[in-house]
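**Student:** This is the structure, below, for whatever I ask next.
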Amino acid sequence: MPHERNAEIELRLLIEAIYLKYSYDFRDYSGASVKRRVNHALRQFECKTISALQERVLHDPTAFMQLLQFLTIPVSEMFRDPGHFLAIRQEVVPLLKTYPSVKVWIAGCSTGEEVYSMAILLREEGLLERTIIYATDINPSSLEKAKQGIFSLENIRAYTENYQKAGGQRAFSDYYTAAYDYAIFDKSLRDNVTFADHSLATDSVFSETQLISCRNVLIYFNKKLQDRAFGLFHDSLCHRGFLVLGSKETLDFSSYSGKFDALVKQERIYRKT
Amino acid sequence: MKTNIIDIGSPESALPIVDAIVVGASAGGVQALLKIFSALKPGFRLPIITVLHVPDERRSQLAHVFQNRLPIPVKEADDKETIVPGTLYFAAPGYHLSVETDRSLSLSQEDRVFHSRPSIDILFDSAVDAFGPRLAGVLLTGANSDGAQGLARIKQCGGLSVIQDPDDAQARTMPEAALALQAPDYLLPLNDIGQLLVELERIAC
Chain F
8 MPHERNAEIE
18 LRLLIEAIYL
28 KYSYDFRDYS
38 GASVKRRVNH
48 ALRQFECKTI
58 SALQERVLHD
68 PTAFMQLLQF
78 LTIPVSEMFR
88 DPGHFLAIRQ
98 EVVPLLKTYP
108 SVKVWIAGCS
118 TGEEVYSMAI
128 LLREEGLLER
138 TIIYATDINP
148 SSLEKAKQGI
158 FSLENIRAYT
168 ENYQKAGGQR
178 AFSDYYTAAY
188 DYAIFDKSLR
198 DNVTFADHSL
208 ATDSVFSETQ
218 LISCRNVLIY
228 FNKKLQDRAF
238 GLFHDSLCHR
248 GFLVLGSKET
258 LDFSSYSGKF
268 DALVKQERIY
278 RKT
Chain H
48 MKTNIIDIGS
58 PESALPIVDA
68 IVVGASAGGV
78 QALLKIFSAL
88 KPGFRLPIIT
98 VLHVPDERRS
108 QLAHVFQNRL
118 PIPVKEADDK
128 ETIVPGTLYF
138 AAPGYHLSVE
148 TDRSLSLSQE
158 DRVFHSRPSI
168 DILFDSAVDA
178 FGPRLAGVLL
188 TGANSDGAQG
198 LARIKQCGGL
208 SVIQDPDDAQ
218 ARTMPEAALA
228 LQAPDYLLPL
238 NDIGQLLVEL
248 ERIAC
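The listed protein sequences correspond, in order, to chains F and H. Residues 8 to 280 in the numbering used here are what the first sequence lists, from first letter to last. Residues 48 to 252 in the numbering used here are what the second sequence lists, from first letter to last.
Here you go:
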């Protein structure tokens, strides 16, 4: 399989080139997924080899931004895993209410579905007005979409169902206006949201927080990078702050497992010890 | 291509030494998997990694169902866990399952493949990168074409390919799609596939 070996070398070189030129660090991402996404990009860019793709993105920042859309995974939905949001409402919110003001960090917020879900939940619990939400991602296009708060109407039925299962207290349609094929979300939901470019691979802690939500981001990292991210979360969270992860993500195998307790293990809700 | 279990024991059939077995199934897959895995005895020492298409929503009971019926350890694959020989892993619903080149498992939520997540193609393809020719791929009953390309790549890269005989399958689309891309090493009914796994382990361990 000589060409397979070449592809392996080329992939490493591409990732290195991206890091050197653009400071986006995919070197400690899970290899299997990165390889698939680069191969997918190869077809879209009509490049025969990864080296050809590398030449293109190295000399053309616009092409790199296009490649970045393939390298990041914008799979998200509102109130994904409703049981998770219900558990936040029941187990975390009562404790958050004891703080005079709350800072929430949504790390790897992608196109914002998670942000608006959290904002709706906090509003219904009377917390949104005294909360600051930091919504961060490495992909500027995703952040731009997140700031818009406009989502395809075809997904709204599923989101509505999720919202209700997540303990939603109103009609979901109270939060958006339908226009053509889109649902435009109430912009007051993001009055206290700061969207920012932040990388869990290269950046550091920027604020003390009470709650961090980072869901379905860490699965794309290798163990070393997962540990780096857990370190940032640990440093950012206040004493007894909350960390919530995706349904298949866990602290168990990380070097931070002893520094958090599981509050609702099933829903991946942890608390700093 | 061998189509009979008797061929397996014959000297010229010489099964290769493999480090892992990957299995894919869809419609009719639970019964098919129970049948092939029921041939396994306690102390089986090869890892088996399985994608069975299941609806997204369900918190999967697959691992429990199989653990209750099989004498080997069964579990749903966790992200970044190291593959332990002798364990039967199932992909979690809603996530693709890959094998990393350090032979750990990883999950991801990329686009569906043939409307499926987990995808058999993604498991098989990544397993080839991790195990090279020391891999056996088994594709069973199903009503779509997932797994055909992945199994073809296993064969191309020198691994062992096994397809359930479409006449024996509850849904023949999946084995037929795989057969359209290759002449497999073995085309067998379920009973014989179970025996083949036992034989593979005997030779490898």
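Backbone N, C-alpha and C define an ideal beta-carbon position, used for all residues, glycine too. Please read all numbers here as calculations on a predicted model, not as lab measurements.
Determine the closest residue to residue 18 (chain F) out of F:52, F:184, F:53 and F:61, with distance taken between C-alpha atoms.
**Tutor:** Stepping through the first sequence from its first residue, residue 18 (chain F) is reached at position 11. Among F:52, F:184, F:53 and F:61, the Cα nearest to that of residue 18 (chain F) is on F:61.
**Student:** Would you check if the distance between the CB atom of residue 41 (chain F) and the CB atom of residue 217 (chain F) is smaller than 8 Å?
**Tutor:** As a working note, residue 41 (chain F) is residue 34 in the first sequence. As a working note, residue 217 (chain F) is residue 210 in the first sequence. Cβ atoms of residue 41 (chain F) and residue 217 (chain F): not closer than 8 Å.
**Student:** Tell me the start and end of each unbroken beta strand (DSSP E) in the region 108-151 of chain H that is at least 3 residues and wholly inside, in chain order.
**Tutor:** Counting whole runs of 3 or more residues, the region 108-151 of chain H contains the beta strand (DSSP E) stretches 121-123, 135-137 and 143-146.
**Student:** For chain H, find out if any of its Cβ atoms is closer than 8 Å to the Cβ of residue 177 (chain F); answer yes or no.
**Tutor:** Within the first sequence, numbered from 1, the residue matching residue 177 (chain F) stands at position 170. No, residue 177 (chain F) lies away from the interface with chain H (no Cβ there is under 8 Å from its Cβ).
**Student:** Taking 8 Å as the limit between beta carbons, can you name the residues of its chain near residue 179 (chain H), skipping five residues before and five after?
**Tutor:** To locate residue 179 (chain H), count along the second sequence from 1; it is residue 132. Excluding residues within five positions, the ones whose Cβ falls inside 8 Å are 204, 205 and 206.
**Student:** Cβ atoms of residue 72 (chain H) and residue 188 (chain H): under 8 Å apart, would you say?
**Tutor:** Stepping through the second sequence from its first residue, residue 188 (chain H) is reached at position 141. Stepping through the second sequence from its first residue, residue 72 (chain H) is reached at position 25. Yes, Cβ-Cβ distance for residue 188 (chain H) and residue 72 (chain H) is below 8 Å.
**Student:** Can a CB atom of chain H be found closer than 8 Å to the CB of residue 156 (chain F)?
**Tutor:** Here residue 156 (chain F) refers to the residue found at position 149 of the first sequence. Not one chain H Cβ lies under 8 Å of residue 156 (chain F).
**Student:** Contact criterion: CB-CB distance below 8 Å. Does residue 133 (chain F) meet it with respect to chain H?
**Tutor:** Residue numbering aside, residue 133 (chain F) sits at position 126 when the first sequence is read from its first letter. Chain H contact via Cβ: absent.
**Student:** Measuring straight from C-alpha to C-alpha, what distance separates residue 211 (chain H) and residue 87 (chain H)?
**Tutor:** Counting from 1 along the second sequence, the entry for residue 211 (chain H) is found at position 164. Counting from 1 along the second sequence, the entry for residue 87 (chain H) is found at position 40. In a straight line, the C-alpha of residue 211 (chain H) is about 18 Å away from that of residue 87 (chain H).
**Student:** Measure the C-alpha to C-alpha separation of residue 48 (chain F) and residue 163 (chain F) and round it to an integer number of angstroms.
**Tutor:** The count along the first sequence starts at 1 and reaches residue 48 (chain F) at position 41. The count along the first sequence starts at 1 and reaches residue 163 (chain F) at position 156. Distance between the alpha carbons of residue 48 (chain F) and residue 163 (chain F): 29 Å.
**Student:** By how many angstroms is the C-alpha of residue 79 (chain F) removed from the C-alpha of residue 229 (chain F)?
**Tutor:** The residue labelled residue 229 (chain F) in the question sits at position 222 within the first sequence. The residue labelled residue 79 (chain F) in the question sits at position 72 within the first sequence. Spanning the two alpha carbons is a distance of roughly 15 Å.
**Student:** What in chain H is Cβ-close to residue 332 (chain F), meaning under 8 Å?
**Tutor:** In this structure chain F extends from 8 to 280, so residue 332 (chain F) is not present and cannot be described.
**Student:** With a threshold of 8 Å, are at least 3 pairs of Cβ atoms found where one atom belongs to the region 76-92 of chain H and the other to the region 235-245 of chain H?
**Tutor:** Touching, yes, given that three or more Cβ pairs across the two stretches are closer than 8 Å.
**Student:** Taking Cβ-Cβ distances shorter than 9 Å, what residues in chain F pair up with residue 148 (chain H)?
**Tutor:** Here residue 148 (chain H) is taken as the residue at index 101 of the second sequence, counted from 1. In chain order: 15, 38 and 39.
**Student:** Below 8 Å on the Cβ atoms is my contact criterion, and I expect residue 170 (chain H) with residue 138 (chain H) to pass it. Report the Cβ-Cβ distance as a whole number of Å.
**Tutor:** In the second sequence, the residue the question calls residue 170 (chain H) occupies position 123. In the second sequence, the residue the question calls residue 138 (chain H) occupies position 91. With 8 Å as the limit, residue 170 (chain H) and residue 138 (chain H) qualify as a contact, their Cβ atoms being about 7 Å apart.
**Student:** Along the alpha helix (DSSP H) that carries residue 243 (chain F), what are the first and last residues, could you check?
**Tutor:** By one-based count along the first sequence, residue 243 (chain F) stands at place 236. 230-243 is the extent of the alpha helix (DSSP H) around residue 243 (chain F).
**Student:** Rounded to a whole number of angstroms, what is the C-alpha to C-alpha distance between residue 254 (chain F) and residue 118 (chain H)?
**Tutor:** Residue mapping note: residue 254 (chain F) aligns to position 247 of the first sequence, counting from 1. Residue mapping note: residue 118 (chain H) aligns to position 71 of the second sequence, counting from 1. Taking the straight line from one Cα to the other gives about 28 Å.
**Student:** Looking only at its chain, what residues have a beta carbon closer than 7 Å to the beta carbon of residue 81 (chain F), apart from the 5 residues adjacent to it on each side?
**Tutor:** Sequence index remark: in the first sequence, residue 81 (chain F) carries index 74 (1-based). Cβ within range, chain order: 117, 118 and 149.
**Student:** From residue 113 (chain F) to residue 184 (chain H), what distance separates their C-alpha atoms?
**Tutor:** The sequence position of residue 113 (chain F) within the first sequence is 106, counting from 1. The sequence position of residue 184 (chain H) within the second sequence is 137, counting from 1. Roughly 40 Å separates the two Cα atoms.
**Student:** Can you tell me whether residue 202 (chain F) is helix, strand or coil according to DSSP?
**Tutor:** Position 195 of the first sequence, counting from 1, holds the residue named residue 202 (chain F). Strand.
**Student:** Using 8 Å as the limit for Cβ to Cβ distance, is residue 138 (chain H) near chain F?
**Tutor:** As a working note, residue 138 (chain H) is residue 91 in the second sequence. No, residue 138 (chain H) lies away from the interface with chain F (no Cβ there is under 8 Å from its Cβ).
**Student:** How big is the Cα-Cα spacing for residue 124 (chain F) and residue 158 (chain F)?
**Tutor:** Sequence index remark: in the first sequence, residue 124 (chain F) carries index 117 (1-based). Sequence index remark: in the first sequence, residue 158 (chain F) carries index 151 (1-based). Each residue's alpha carbon lies about 12 Å from the other.
**Student:** What are the residues that DSSP puts in a beta bridge with residue 273 (chain F)?
**Tutor:** To locate residue 273 (chain F), count along the first sequence from 1; it is residue 266. Answer by DSSP bridge pairing: none, since residue 273 (chain F) is not bridged.
**Student:** Name, please, each residue of chain H whose Cβ falls closer than 9 Å to the Cβ of residue 272 (chain F).
**Tutor:** Within the first sequence, the letter at position 265 stands for residue 272 (chain F). Correct list: empty, because the minimum Cβ distance to chain H is about 13 Å.
**Student:** My parser needs the beta strand (DSSP E) runs of 3 or more residues fully inside the region 114-144 of chain F; what are they?
**Tutor:** For the region 114-144 of chain F, whole beta strand (DSSP E) runs of length 3 or above, ordered along the chain, are 138-144.
**Student:** Is it true that the region 145-162 of chain H meets the region 262-280 of chain F, where meeting means three or more beta-carbon pairs spaced less than 8 Å apart?
**Tutor:** Result no; under three Cβ-Cβ pairs closer than 8 Å.
**Student:** Find the residues of chain F that neighbour residue 122 (chain H), judging by a C-beta separation of less than 8 Å, and give them in chain order.
**Tutor:** What you label residue 122 (chain H) is simply residue 75 of the second sequence in a count that begins at 1. Simply none; closest approach about 13 Å.
**Student:** Within its chain, find whatever has a CB closer than 7 Å to the CB of residue 215 (chain F); leave out the 5 residues flanking it on each side and keep chain order.
**Tutor:** In the first sequence, residue 215 (chain F) corresponds to position 208, counting from 1. Excluding positions up to five away in sequence, the list reads 110, 243 and 245.
**Student:** Within the continuous beta strand (DSSP E) that includes residue 281 (chain H), where are the two ends?
**Tutor:** Limits of chain H in this structure are 48 at one end and 252 at the other, which puts residue 281 (chain H) out of reach.
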